[in-house]
Amino acid sequence: MVALVIAEHDNASLKGSTLHTVTAAAKCAGEVHVLVAGSNAGAAAAAAAKIAGVTKVLHADAAYFADGLAENVSEQILAIAGGYTHILAPATAYGKNILPRVAAKLDVAQISEITKVDAPDTFERPIYAGNAIAYVQSSDKVKVITVRSTGFDAAAAEGGSAAVETVAAAADFGKSAFVGREVAKSDRPELTAAKIIVSGGRGMGSADAFKILEPLADKLNAAMGASRAAVDAGFVPNDWQVGQTGKIVAPSLYIAVGISGAIQHLAGMKDSKVIVAVNKDPEAPIFSVADYGIVGDLFEVVPQLVKELG
Amino acid sequence: MKVLVPVKRVVDFNVKVRVKSDGTGVDIANVKMSMNPFDEIALEEATRLKEAGKVTEVVAVSAGVTQCQETLRTGMAIGADRGILIETGVELEPLAVAKLLKAVADKEQPQLIILGKQAIDDDSNQVGQMLAALLGWPQATFASKVELGDGKVTVTREVDGGLETLALQLPAIVTTDLRLNEPRYVTLPNIMKAKKKPLDTVKPEDLGVDVTPRLKTLKVAEPAKRSAGIKVPDVATLVSKLRTEAKVI
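Same order as they appear, the protein sequences are chains X and V. Residues in the first sequence are numbered consecutively from 0, following numbering that gives the first Met the number 0. Residues in the second sequence are numbered consecutively from 0, following numbering that gives the first Met the number 0.
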């Protein structure tokens with residue numbers, strides 16, 4: 000059995016999510032190959048070849064792979080899919096966009112956001128915002144799977160020495176075009192990779208109020224996140240959203256400020272190692288999952304916390 | 000131009016579901032059911048396109064049990080002109096839903112299909128992409144802005160780290176993210192009007208689609224519980240606990 004991992008990358012380097020997906024793939028099959036479909040993506044392919052446990056890297060290069068369009072990347076996957084028992088991609092905006100196209104064309108079910116591999120055909124995945132775990136078994140000839148990064152450790156980025164094989168690029172789908180990108184510039188760590196996250200909720204009250212969290216995030220070298228309520232209210236951008244329909248995170252320390260703790264939010268952060276909650280309502284559900292809680296006005300507690308951290 | 004909007008009947012987002020004690024699933028008997036929130040956003044977007052004069056007809060489609068009629072009526076109260084129910088008692092997987100919707104799309108010939116990005120019950124996030132692949136159409140998932148032009152649609156997408164914009168040739172698939180719009184409240188007069196709008200019912204067999212599940216759910220279990228910790232009296236205690244007890248800073 001050989002598994003194929005679809006690398007998430009920016010042509011120059013691999014995203015961390017790829018490493019977690021390789022770990023999941025190694026639990027499914029004895030051998031792991033990685034597909035890098037990009038434009039001038041030789042550096043990303045070379046990086047994939049160094050991942051511990053990867054035995055072969057397939058590199059498809061074409062200008063129309065530059066921006067990871069789902070139509071083109073899925074056609075490339077289909078072109079090389081024969082012979083693989085498992086096809087896996089990270090359950091990120093990138094992987095979620097692409098992989099269902101592959102499953103549909105192969106006429107197989109997709110198993111989304113697995114958190115555990117119980118057997119090569121049996122997987123665990125959260126449903127209902129993580130309020131239940133489904134154990135699903137697939138009898139399809141190919142298992143098409145997206146992998147939740149928090150469920151699997153990252154494979155070592157160094158130590159492997161896989162061969163890089165160039166494969167012919169599948170044809171350009173041609174009906175979609177990349178127009179542009181607005182990337183939020185930030186010196187902070189990426190939300191899904193951060194060791195510490197400082198998150199704000201509806202209790203922040205305004206976009207301006209989020210500024211009060213910045214010195215705290217600076218002190219801790221933390222990423223900044225938010226609940227859906229804060230995103231809904233327009234306080235912060237959507238890519239800050241932690242929860243069922245946003246990002247799933249599991250840092251060492253998660254500080255929830257002014258977040259009541261709706262189940263949809265807990266779904267995105269309850270696997271964090273240590274949770275701290277700051278909320279003025281002592282009955283807020285967030286306290287039921289927090290290791291340490293402080294009941295108080297966040298506008299007093301947060302500056303005190305910054306001061307105390309020195 | 001015709002727009003198709005698939006809608007799913009799901010357990011209301013305010014309900015905290017419980018796993019059945021025999022591990023066969025979650026208990027959804029007697030719980031409140033509602034339209035999947037992302038599908039409401041999809042219907043709102045289609046309705047606004049119609050109100051802007053860019054779209055002539057909005058058709059809502061649902062697949063599932065008889066009670067999905069209620070979901071379709073809600074959809075027609077938001078603004079759909081008519082509804083189609085693909086009625087079946089089989090628990091539908093995303094691939095089966097995509098095949099059913101393809102059959103409806105082949106018949107209805109819409110130029111645009113707007114779907115919710117994911118349903119809040121099975122959290123699969125698959126149907127829109129699968130439908131696009133089966134139809135051979137381009138897709139723009141997780142949309143936060145949709146601009147319908149002549150023969151094309153320009154869509155801004157929510158991606159990790161920011162936004163990206165794609166231009167798709169019509170016909171095309173769009174799936175909605177949270178910030179695309181804020182769905183309207185349905186008013187009583189519109190609920191009354193919706194009762195008079197046409198609602199057709201078909202069966203998967205009529206559409207020639209095999210909806211047999213591909214996956215077997217061996218069991219459904221409670222997730223590992225996280226126990227509540229302690230409340231600390233002040234910030235100094237908190238920092239000291241984080242340093243010496245939890246050792247995370």
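We treat Cβ as the ideally placed atom computed from N, Cα and C, and that holds for glycine.
Self-check item: Ser-111(X) (DSSP reduced to helix, strand or coil)
Solution: Numbered from its first residue, the first sequence carries residue 111(X) at position 112. Three-state DSSP puts Ser-111(X) in a strand.
Exercise. Give a yes or no on whether 8 Å exceeds the smallest Cβ distance from Ser-251(X) to chain V.
Key: Here residue 251(X) refers to the residue found at position 252 when the first sequence is read from its first residue. Yes - at least one Cβ of chain V is within 8 Å of the one on Ser-251(X).
Quiz item: Would you say Lys-15(V) faces chain X, with C-beta separation under 8 Å as the test?
Solution: As a working mapping, residue 15(V) is identified with position 16 in the second sequence. Answer yes: the Cβ-Cβ gap between Lys-15(V) and chain X drops below 8 Å somewhere.
Exercise. Please determine if the region 182-198 of chain X and the region 243-260 of chain X are in contact, where contact requires at least 3 C-beta pairs separated by less than 8 Å.
Key: Two segments are said to touch when three or more pairs of C-beta atoms, one from each, lie closer than 8 Å; by this definition the region 182-198 of chain X touches the region 243-260 of chain X.
Exercise. Note down the Cα distance separating Ala-24(X) from Ile-76(X), rounded to an integer number of angstroms.
Key: Taking the first residue of the first sequence as position 1, residue 24(X) is located at position 25. Taking the first residue of the first sequence as position 1, residue 76(X) is located at position 77. So the two alpha carbons sit approximately 16 Å from each other.
Practice problem: On a CA-only basis, which of Gly-88(V), Val-54(V), Thr-140(V), Ala-76(V) is nearest Leu-167(V)? Give me that one, please. | Solution: In the second sequence, residue 167(V) corresponds to position 168, counting from 1. For the residues Gly-88(V), Val-54(V), Thr-140(V), Ala-76(V), the minimum Cα distance to Leu-167(V) belongs to Thr-140(V).
Exercise. Check each residue of the region 92-105 of chain X: if its Cβ is closer than 9 Å to any Cβ of chain V, include it; give the result in chain order.
Key: The region 92-105 of chain X vs chain V, Cβ under 9 Å: Ala-92, Tyr-93, Lys-95, Asn-96, Ile-97, Leu-98, Pro-99, Arg-100, Val-101, Ala-102, Ala-103, Lys-104.
Quiz item: How long is the line joining the alpha carbons of Ser-198(X) and Thr-165(X), rounded to whole angstroms?
Solution: The count along the first sequence starts at 1 and reaches residue 198(X) at position 199. The count along the first sequence starts at 1 and reaches residue 165(X) at position 166. Separation of Ser-198(X) and Thr-165(X) (C-alpha to C-alpha, rounded to the nearest whole angstrom) is 43 Å.
Exercise. Name the residue from Ile-126(X), Ile-274(X), Lys-218(X), Lys-272(X) whose alpha carbon lies nearest to the alpha carbon of Gly-309(X).
Key: Position 310 of the first sequence holds residue 309(X). Of all alpha-carbon atoms in Ile-126(X), Ile-274(X), Lys-218(X), Lys-272(X), the one lying nearest the alpha-carbon of Gly-309(X) is that of Lys-218(X).
Self-check item: Same chain, Cβ closer than 7 Å to Glu-44(V), neighbours up to 5 away in sequence not counted
Solution: In the second sequence, the residue the question calls residue 44(V) occupies position 45. So the list reads Ile-113, Val-145, Thr-175, Leu-179, Asn-180, once near-sequence residues are dropped.
Quiz item: Three or more beta-carbon pairs under 8 Å between the region 211-229 of chain V and the region 132-151 of chain X, yes or no?
Solution: Counting Cβ pairs under 8 Å, three or more are found: they touch.
Self-check item: beta strand (DSSP E) runs contained entirely in the region 43-83 of chain V, provided each spans 3 or more residues
Solution: If we require 3 residues or more, the beta strand (DSSP E) runs fully inside the region 43-83 of chain V come out as 56-63.
Practice problem: Tell me the start and end of each unbroken beta strand (DSSP E) in the region 199-229 of chain X that is at least 3 residues and wholly inside, in chain order. | Solution: Qualifying beta strand (DSSP E) stretches, in chain order: 222-225.
Quiz prompt | Close-in-space but distant-in-sequence residues of the same chain around Ala-62(X) (CB under 8 Å, 5 per side omitted) | solution = To locate residue 62(X), count along the first sequence from 1; it is residue 63. Listed in chain order, the non-local C-beta contacts of Ala-62(X) below 8 Å within the same chain comprise Ser-38, local neighbours out to five positions each way being set aside.
Quiz item: Among all the DSSP beta bridges, which residues are the ones paired with Pro-182(V)?
Solution: By one-based count along the second sequence, residue 182(V) stands at place 183. Answer is none; Pro-182(V) lacks a bridge partner.
Quiz item: So which residues of chain A does Lys-240(V) contact, with C-beta pairs closer than 8 Å?
Solution: Given the protein chain composition of this structure (X and V), no chain A is represented.
Quiz item: What did DSSP end up calling Met-191(V) once you bin it into helix, strand or coil?
Solution: Taking the second sequence and counting its residues from 1, one reaches residue 191(V) at position 192. DSSP places Met-191(V) in the helix class (H, G or I) of the three-state scheme.
Self-check item: Local Cβ density within 10 Å of Glu-181(X), reported as buried at 16 or more and exposed below that
Solution: Against the first sequence, residue 181(X) aligns to sequence position 182. Classification of Glu-181(X): exposed, given that the 10 Å Cβ count is below 16.
Exercise. Measure the C-alpha to C-alpha separation of Thr-153(V) and Val-247(V) and round it to an integer number of angstroms.
Key: To locate residue 153(V), count along the second sequence from 1; it is residue 154. To locate residue 247(V), count along the second sequence from 1; it is residue 248. One alpha carbon belongs to Thr-153(V), the other to Val-247(V), and they sit about 45 Å apart.
Practice problem: Kindly list the residues whose CB is nearer than 6 Å to the CB of Lys-98(V), restricted to its own chain and excluding five residues on each side of it in sequence; keep chain order. | Solution: Here residue 98(V) refers to the residue found at position 99 of the second sequence. Taking Lys-98(V) as the centre and dropping the five residues before and after it, the same chain places the C-beta of Val-208 closer than 6 Å to its C-beta, in chain order.
Self-check item: chain X contact residues for Lys-218(V), given Cβ-Cβ distances below 7 Å
Solution: In the second sequence, counting from the first residue as 1, residue 218(V) sits at position 219. Residues of chain X passing the Cβ test: Tyr-134.
Quiz item: Going along chain X in order, which residues have a C-beta closer than 8 Å to the C-beta of Ile-229(V)?
Solution: As a working note, residue 229(V) is residue 230 in the second sequence. Simply Asp-290, Tyr-291, Gly-292.
Exercise. Please name the residue, chosen from Ser-16(X), Ala-43(X), Pro-89(X), Val-21(X), that lies closest to Asp-9(X) on a Cα-to-Cα basis.
Key: Taking the first sequence and counting its residues from 1, one reaches residue 9(X) at position 10. If you compare the alpha carbons of Ser-16(X), Ala-43(X), Pro-89(X), Val-21(X) with that of Asp-9(X), the shortest gap goes to Ala-43(X).
Quiz item: If we ignore side chains and look at the alpha-carbon of each, how far apart do Val-146(X) and Thr-84(X) end up?
Solution: Taking the first residue of the first sequence as position 1, residue 146(X) is located at position 147. Taking the first residue of the first sequence as position 1, residue 84(X) is located at position 85. Rounded to whole angstroms, the gap between the alpha carbons of Val-146(X) and Thr-84(X) is 16 Å.
Practice problem: Can you say whether Gln-66(V) is buried or exposed, counting buried as having 16 or more other CB atoms within 10 angstroms of its CB? | Solution: By one-based count along the second sequence, residue 66(V) stands at place 67. Gln-66(V) sits exposed, since fewer than 16 C-beta atoms from the chains shown fall within 10 Å of its C-beta.
Self-check item: Interface flag, Phe-64(X) vs chain V, CB-CB below 8 Å
Solution: Taking the first sequence and counting its residues from 1, the one referred to as residue 64(X) is at position 65. At a cut-off of 8 Å between C-beta atoms, Phe-64(X) does not count as an interface residue with respect to chain V.
Exercise. Output yes if chain X places a C-beta closer than 8 Å to the C-beta of Ser-123(V); else output no.
Key: Within the second sequence, residue 123(V) is the residue found at index 124, counting from 1. True, the Cβ-Cβ gap to chain X drops below 8 Å.
Quiz item: Could you give the C-beta distance for Ala-108(X) and Glu-56(V), rounded to a whole number, given that I count them as a contact under 8 Å?
Solution: On the first sequence, residue 108(X) is found 109 positions in, with the first residue counted as 1. On the second sequence, residue 56(V) is found 57 positions in, with the first residue counted as 1. Between Ala-108(X) and Glu-56(V), the beta carbon gap of about 33 Å keeps them out of contact (Cβ cut-off 8 Å).
Practice problem: Below 6 Å CB to CB, which residues in the same chain sit around Ile-97(X) once its five sequence neighbours on both sides are set aside? | Solution: Taking the first residue of the first sequence as position 1, residue 97(X) is located at position 98. These residues qualify, in order along the chain: Ala-69, Val-72, Ser-73.
Quiz prompt | Residues that Pro-203(V) contacts on chain X, provided the C-beta gap is smaller than 8 Å | solution = Stepping through the second sequence from its first residue, residue 203(V) is reached at position 204. Correct list: empty, because the minimum Cβ distance to chain X is about 16 Å.
Quiz item: DSSP on Phe-177(X), reduced to helix/strand/coil?
Solution: For the purposes of this step, residue 177(X) is taken as the residue at position 178 of the first sequence. When secondary structure is reduced to three states using DSSP, Phe-177(X) falls in the strand class.
Practice problem: Would you verify that the beta carbon of Phe-234(X) is, or is not, closer than 8 Å to some beta carbon of chain V? | Solution: Position 235 of the first sequence, counting from 1, holds the residue named residue 234(X). Not an interface residue.
Quiz item: Is it true that the CB of Arg-81(V) sits closer than 8 Å to the CB of Leu-206(V)?
Solution: As a first step, residue 206(V) is located in the second sequence; it is residue number 207 there, counting from the start. As a first step, residue 81(V) is located in the second sequence; it is residue number 82 there, counting from the start. The Cβ-Cβ distance between Leu-206(V) and Arg-81(V) does not fall below 8 Å.
Quiz item: So is Asn-237(X) in contact with chain V if we call contact Cβ pairs under 8 Å?
Solution: Numbered from its first residue, the first sequence carries residue 237(X) at position 238. Yes, Asn-237(X) lies at the interface with chain V (some Cβ there is under 8 Å from its Cβ).
Quiz item: Can Pro-278(X) and Val-294(X) be called in contact, C-beta distance under 8 Å?
Solution: As a first step, residue 278(X) is located in the first sequence; it is residue number 279 there, counting from the start. As a first step, residue 294(X) is located in the first sequence; it is residue number 295 there, counting from the start. Just to set this straight, residue 278(X) is Asn in the shown sequence, not Pro. Result yes, Cβ atoms of Asn-278(X) and Val-294(X) sit closer than 8 Å.
Quiz prompt | Closest residue to Lys-104(X) among Lys-215(V), Phe-12(V), Gln-128(V) (Cα-Cα distance) | solution = Your numbering for residue 104(X) matches position 105 in the first sequence. Of all alpha-carbon atoms in Lys-215(V), Phe-12(V), Gln-128(V), the one lying nearest the alpha-carbon of Lys-104(X) is that of Gln-128(V).
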